[in-house]
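So the working numbering is basically just the index in the sequence shown, starting at one, shifted up by 4. C-beta: ideal position from N, C-alpha, C; glycine also. All figures in this text were calculated on a predicted structure; none of them were measured in a lab. So the structure is just underneath, and the comments pick up after that.
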Amino acid sequence: MWRAGEGSEERPVLVIGAAGLDLKGYAAGAVRLGATNPGQVRRSVGGVARNIAENLARLGHPVILISAVGNDEAGRWVLERTRGAGVDVAHVTVVPEGRTGVYLAVLDEQGNLVVAVDDMGVLEAITPRYLQARRALFEQAAMVVLDANLSPAALRMAVRLARRFGVPVAADPTSPTLAMRLRPILPELHLVTPNTAEAEALTGLPVSSVDEALFAARYLTALGVQIAVITMAELGLVYAAGDLSGHIPALRTEIVDFTGAGDALTAAVIFALLHGIPIEEAVRLGVAAAALTLRSRETVSPDLSLERLYEQLVI
């Protein structure tokens, strides 16, 4: 198994995948399908890869983002906000005739996701050739992080380049449908962080209880994944890594919005592993990062920092 080595704390994480606009509608009461629901609509910067990158930057780790946006107002805003958070966006391509990706979500009065539409077609610009031309970024990376919005061909090329330079790969399945794109590369992954629905898609197993989730996490490691972390919302998470496995309960916290909590958890676990923190403590930091994000209407909590994580963490 790969372990953090000399320079892992200084070398950048290379994050590849979606960057776009989050449009979220918060219903004021119980959602009525097929009807207009009163509430509030807010926008924020989003995209799974971009969210992970910003969370890593807020935790103090250097990070480079490879993504694509359109040549439009939304794309300029996404780049400005992401750059301002400390992420290197020099390798985010601006597609002249493209439209910046949008994640459109409807949430109920408790902050739970009711339905969402993900429009990330602009990521077709991230081709294997585009990645091959940036192979020097892979060589210098401490870790490569992928989200499943990428095409299967781009995912394969990213894994191939990472393998060439001996760089570990982490992946976020993104959604149950997109998770299927990760199946062929599971043996190449150091870390994968599905939620229960995504874990079911990856394994073909039921994942509705802690025991079932633990079995699925161990199954993922049997398929070749080094570390499998399955998030379970109010039940916390389970993890498996080699001979280790366990369940970490969720922290009690106010819930404003579930969006982005999983991305924060993934980033915190990656940060911890790169800094030589044992897996048991790394996943606890991930739970703390998710709890902070649940309290924010922003997809990435502006309050996120390593100090804030340890303030609410009991190890």
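To the nearest angstrom, report how far apart A94 and Y30 are at their CA atoms. 34 Å
DSSP on Q144, reduced to helix/strand/coil? helix
Start and end residues, beta strand (DSSP E) containing T235: Segment I231 to T235, the beta strand (DSSP E) holding T235.
Applying the 10 Å Cβ sphere with the 16-neighbour rule, what's the burial state of V211? With 16 or more Cβ atoms within 10 Å of its Cβ, V211 is classed as buried.
At a cut of 8 Å, does the segment 159 to 179 reach the segment 104 to 114 through at least three beta carbon pairs? no
So, are the CB atoms of M184 and A205 less than 8 Å apart? The answer is yes: Cβ separation under 8 Å.
Where V45 falls, given that 16 or more other Cβ within 10 Å makes a residue buried: exposed
With 16 as the cutoff for other CB atoms within 10 Å, does D26 come out buried or exposed? buried
Figure out for me which residue from Q144, S71 and L269 has the closest Cα to the Cα of R62. L269
Rounded to a whole number of angstroms, what is the C-alpha to C-alpha distance between P16 and A129? 23 Å
Apart from the five residues on each side of it in sequence, which residues of its chain come closer than 6 Å, Cβ to Cβ, to G290? L269, A272 and V273.
Quick check on G125: does DSSP put it in helix, strand or coil? helix
Since G50 is in the beta strand (DSSP E), which residue starts that stretch and which ends it? G43 to G50
Should I319 be labelled buried (16 or more other beta-carbon atoms within 10 Å of its own) or exposed? Unreliable positioning characterises I319 in this predicted model, as indicated by a pLDDT of 43, which lies under 50. The coordinate reading is nonetheless provided below. So I319 ends up on the exposed side.
Quick check on the burial criterion: 16 or more other C-beta atoms within 10 angstroms. Buried or exposed for Y243? buried
At the 8 Å Cβ level, is P172 part of the contact set with chain C, yes or no? This model lacks chain C altogether; it includes just one protein chain.
Between I281 and L18, what straight-line distance do the alpha-carbon atoms span, to the nearest angstrom? 20 Å
Report the rounded CA-to-CA distance for Y314 versus G266, giving the unit in angstroms. 18 Å
Which residues mark the beginning and the end of the beta strand (DSSP E) in which V304 is found? Careful: V304 lies outside any beta strand (DSSP E) and carries neither H nor E.
Tell me, which residues are paired with L289 by DSSP? Partner(s): none; L289 has no beta bridge.
For G51 and A23, believed in contact at Cβ under 8 Å, the rounded distance: 4 Å
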